[in-house]
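Engineer:
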Amino acid sequence: MSNIGSYEERLNNFDWSLAENELEYRDGYVINIGWYCSDRICEKGEGEKTALYYEGFGDVEKKFSFNDVRLAGNTIGTFLNNLGLKDEDRICLFMDRIPELYFSFLGILKIGAIVQPLFSAFGDESLFVRLENAQTRAIITQRKHLPKVRKILDRLPLLEFIIIVDHIKTKGLENKEIAFNLEETSSVEKMNVFPTKAESPSVLHYTSGTTGQPKGVKHVHYSLISQYLTTKWVLDLQDNDIYWCTADPGWVTGTSYGIIGPWSMGITQCVLDTGFSAQAWYKFIEKYSVSTWYSSPTAIRSLMKAGDEVAKSFDLSSLRNLASVGEPLNSEAIIWSERIFGKPFHDTYWQTETGSIMISNFPGMKI
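In the working numbering, the protein residues as written are 3 to 369.
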């Protein structure tokens, strides 16, 4: 059963209270994205439902329930609180797409701090510009990215904590560095979620800097309302979907629709962090029976370049809805998609500044 309905009906009856009612939110209530994406799903009785399938380099495979996500967010949030980090402190995430990135995102929001996700492929100067501008107080990263952080540390007097999620021993740590291993830390069953309100700041994203310096765009917790509703209507996510958003959370698509939107709906999603290859992507879709797939025109064109035969060697019949974002979607890609997958990629347009989809095609619409 589709979430879409008639476009005209949606348009005529539209009001943001539709999302507020489904999320049981009223004006003036506490609204904390971290809680909505984990605790609330568990309180609805879906704690054992799979929240995340993860595959990384070295044939690493992991699976997490919504209760696992809740506990991880609590554990990370409590760790940050114990360091003295508090509401509205800027805390940067500078990691590959490992599970700790997703859990830390929610943990930071749970304590009322502002999460600053940055693309892990950034060089040290790109990192410096954004950390200095944000007056970032802490950064959560991996050993592989430490050299970049160390190189700029003496120019960032406000950066107090460098938290390394895969540093097993305290030996070898330098100034301001702290080892934190989620798997070796006792889970925190209960923590007091900070009572953020609608206009409390949540996520600080930086534009790509195509015109002048990158600009920080500060989002608020009420953004959940539009992210939830657009995920439901435009991506048409449903309870039994397996959803794959290929975007890195260093960019807004990877947070709005790679964390907040699907998890606020209690949807199972999967993450592949092994680089790009057509075979690997198709194998991933087949293995997890991905039903809704949100990607980019560049990725689609790369799949086209790999050839039709590669796609035909995998069972991709689970795909129900395809969507695209990030740059203009060319007509050739849509025509190719209809021929290979039996359905088109639906274009979506929005910006870092809006935080959610503004203009789109939607499932069932003739393109």
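Glycine included, C-beta positions come from ideal geometry on N, C-alpha and C.
In angstroms with no decimal places, state the Cα-to-Cα distance between Met367 and Phe347.
Structural biologist: Here residue 367 refers to the residue found at position 365 of the sequence shown. Here residue 347 refers to the residue found at position 345 of the sequence shown. Cα-Cα distance, rounded: 11 Å.
Engineer: Please say whether Phe196 and Gly114 have beta carbons closer to each other than 8 Å?
Structural biologist: Indexing the sequence shown from 1 puts residue 114 at position 112. Indexing the sequence shown from 1 puts residue 196 at position 194. Their beta carbons are under 8 Å apart, which means Gly114 touches Phe196 by this criterion.
Engineer: The beta strand (DSSP E) that contains Gly218, what's its start and end?
Structural biologist: Stepping through the sequence shown from its first residue, residue 218 is reached at position 216. Residues 218-222.
Engineer: Opposite Gly58 in the DSSP bridges: which residues?
Structural biologist: By 1-based counting over the sequence shown, the position of residue 58 is 56. According to DSSP, Gly58 bridges with Val62, Asp275.
Engineer: Using DSSP bridges, identify the partner residues of Val205.
Structural biologist: Translated into the one-based positions of the sequence shown, residue 205 becomes position 203. Val117, per the DSSP bridge assignment.
Engineer: Are three or more beta carbon pairs between the region 107-121 and the region 155-174 nearer than 8 Å?
Structural biologist: Cβ pair count under 8 Å is below three, so no.
Engineer: So, Ala249 versus Val222, is the Cβ gap smaller than 8 Å?
Structural biologist: Within the sequence shown, residue 249 is the residue found at index 247, counting from 1. Within the sequence shown, residue 222 is the residue found at index 220, counting from 1. Contact: no.
Engineer: Spell out the partners DSSP gives Glu179 in its beta bridges.
Structural biologist: For the purposes of this step, residue 179 is taken as residue 177 along the sequence shown, with counting starting at 1. Glu179 pairs with Ile164.
Engineer: Given this structure, state the Cα-to-Cα distance separating Lys173 from Leu148, to the nearest angstrom.
Structural biologist: Here residue 173 corresponds to residue number 171 of the sequence shown, with the count starting at 1. Here residue 148 corresponds to residue number 146 of the sequence shown, with the count starting at 1. Distance between the alpha carbons of Lys173 and Leu148: 15 Å.
Engineer: Taking the alpha-carbon of Arg28 as reference, which of Asn177, Lys46, Tyr224 has the nearest alpha-carbon?
Structural biologist: Position 26 of the sequence shown, counted from the first residue, corresponds to residue 28. Comparing Cα-Cα distances from Arg28 to each of Asn177, Lys46, Tyr224, the minimum goes to Tyr224.
Engineer: Does the distance from the CB of Pro119 to the CB of Pro330 come in under 8 Å?
Structural biologist: Taking the sequence shown and counting its residues from 1, one reaches residue 119 at position 117. Taking the sequence shown and counting its residues from 1, one reaches residue 330 at position 328. For Pro119 and Pro330, no; Cβs fall outside 8 Å.
Engineer: Using a Cβ-Cβ cutoff of less than 8 Å, which residues in the same chain neighbour Arg229 once the five nearest sequence positions on both sides are dropped?
Structural biologist: For this step, residue 229 is matched to residue 227 along the sequence shown. The identity of residue 229 in the sequence shown is Gln, whereas the question assumes Arg. Cβ within range, chain order: Ser258, Tyr259, Ile262, Gly263, Ser266, Gly357, Ser358.
Engineer: I'd like to know whether the C-beta atoms of Ile93 and Ile142 end up nearer to each other than 8 Å.
Structural biologist: Within the sequence shown, the letter at position 91 stands for residue 93. Within the sequence shown, the letter at position 140 stands for residue 142. In contact: Ile93 and Ile142 (Cβ atoms closer than 8 Å).
Engineer: Restricting to runs no shorter than 3 residues, where is the beta strand (DSSP E) found entirely within the region 38-106?
Structural biologist: 52-58, 62-67, 92-96, all fully within the region 38-106.
Engineer: Find the nearest neighbour of Gly256 within the set Ser293, Tyr208, Ser291, judged by alpha-carbon distance.
Structural biologist: Indexing the sequence shown from 1 puts residue 256 at position 254. That would be Tyr208, whose Cα lies nearest to the Cα of Gly256.
Engineer: Please report the distance separating the alpha-carbon of Ile35 from that of Asn15.
Structural biologist: By one-based count along the sequence shown, residue 35 stands at place 33. By one-based count along the sequence shown, residue 15 stands at place 13. About 26 Å.
Engineer: Give, in chain order, every unbroken run of the alpha helix (DSSP H) that is at least 4 residues long and sits entirely within the region 118-164.
Structural biologist: If we require 4 residues or more, the alpha helix (DSSP H) runs fully inside the region 118-164 come out as 126-136, 148-154.
Engineer: Out of curiosity, what's the CA-to-CA distance linking Glu179 and Val151?
Structural biologist: Position 177 of the sequence shown, counted from the start, is the residue given in the question as residue 179. Position 149 of the sequence shown, counted from the start, is the residue given in the question as residue 151. Rounded to the nearest angstrom, the two C-alpha atoms are 10 Å apart.
Engineer: Who are the near neighbours of Gly58 in its chain, counting only those whose CB is closer than 7 Å to its CB and skipping five residues on each side?
Structural biologist: The sequence position of residue 58 within the sequence shown is 56, counting from 1. Correct list, in chain order: Ile100, Asp275, Thr276.
Engineer: Check whether the Cβ atoms of Asp243 and Thr213 sit closer than 8 Å, and answer yes or no.
Structural biologist: For the purposes of this step, residue 243 is taken as residue 241 along the sequence shown, with counting starting at 1. For the purposes of this step, residue 213 is taken as residue 211 along the sequence shown, with counting starting at 1. Not closer than 8 Å, so no.
Engineer: Cβ of Cys247 less than 8 Å from any chain B Cβ?
Structural biologist: Considering every chain present, this structure includes no chain B. It has just one protein chain.
Engineer: Between Gly79 and Gly49, is the Cβ-Cβ spacing less than 8 Å?
Structural biologist: Counting from 1 along the sequence shown, the entry for residue 79 is found at position 77. Counting from 1 along the sequence shown, the entry for residue 49 is found at position 47. No, the pair does not count as a contact, with Cβ atoms beyond the cut-off.
Engineer: Return the residue from the list Val131, Gly125, Tyr56 that minimises the CA-CA distance to Leu103.
Structural biologist: For the purposes of this step, residue 103 is identified with residue 101 of the sequence shown, where counting begins at 1. The shortest Cα separation from Leu103 among Val131, Gly125, Tyr56 belongs to Tyr56.
Engineer: Should Asn177 be labelled buried (16 or more other beta-carbon atoms within 10 Å of its own) or exposed?
Structural biologist: Sequence index remark: in the sequence shown, residue 177 carries index 175 (1-based). Result: exposed.
Engineer: Using only alpha-carbon positions, find the residue among Phe130, Thr198, Leu95 that is nearest to Gly140.
Structural biologist: In the sequence shown, counting from the first residue as 1, residue 140 sits at position 138. The amino acid occupying residue 140 in the given sequence is Ala; Gly does not appear at that position. Taking only the C-alpha atoms, the option nearest Ala140 is Leu95.
Engineer: May I ask you to report which of helix, strand or coil DSSP gives Ile426?
Structural biologist: In the structure as shown, the chain starts at 3 and stops at 369, and residue 426 therefore has no counterpart that could be examined.
Engineer: Under the rule that 16 or more other beta-carbon atoms within 10 Å means buried, what is Lys234, buried or exposed?
Structural biologist: Position 232 of the sequence shown holds residue 234. Its Cβ being crowded by 16 or more others within 10 Å, Lys234 is buried.
Engineer: Under the three-state reduction of DSSP, which class applies to Trp265: helix, strand or coil?
Structural biologist: For the purposes of this step, residue 265 is taken as the residue at position 263 of the sequence shown. Residue state, collapsed to three classes: helix.
Engineer: According to DSSP, which residues form a beta bridge with Trp246?
Structural biologist: Here residue 246 refers to the residue found at position 244 when the sequence shown is read from its first residue. Trp295.
Engineer: Considering just the uninterrupted stretch of the beta strand (DSSP E) at Asn323, what are its terminal residues?
Structural biologist: Position 321 of the sequence shown, counted from the start, is the residue given in the question as residue 323. First-last of the beta strand (DSSP E) with Asn323: 323-326.
Engineer: Going by CA-CA distance only, name the one from Ser298, Gly7, Glu340, Asp310 that's closest to Leu321.
Structural biologist: Along the sequence shown, one-based indexing puts residue 321 at 319. Looking at the Cα atoms, Glu340 is the closest of the given residues.
Engineer: Would you kindly work out how many angstroms separate the C-alpha atoms of Phe286 and Ala301, rounded to a whole number?
Structural biologist: Taking the sequence shown and counting its residues from 1, the one referred to as residue 286 is at position 284. Taking the sequence shown and counting its residues from 1, the one referred to as residue 301 is at position 299. Each residue's Cα considered, the two are about 15 Å apart.
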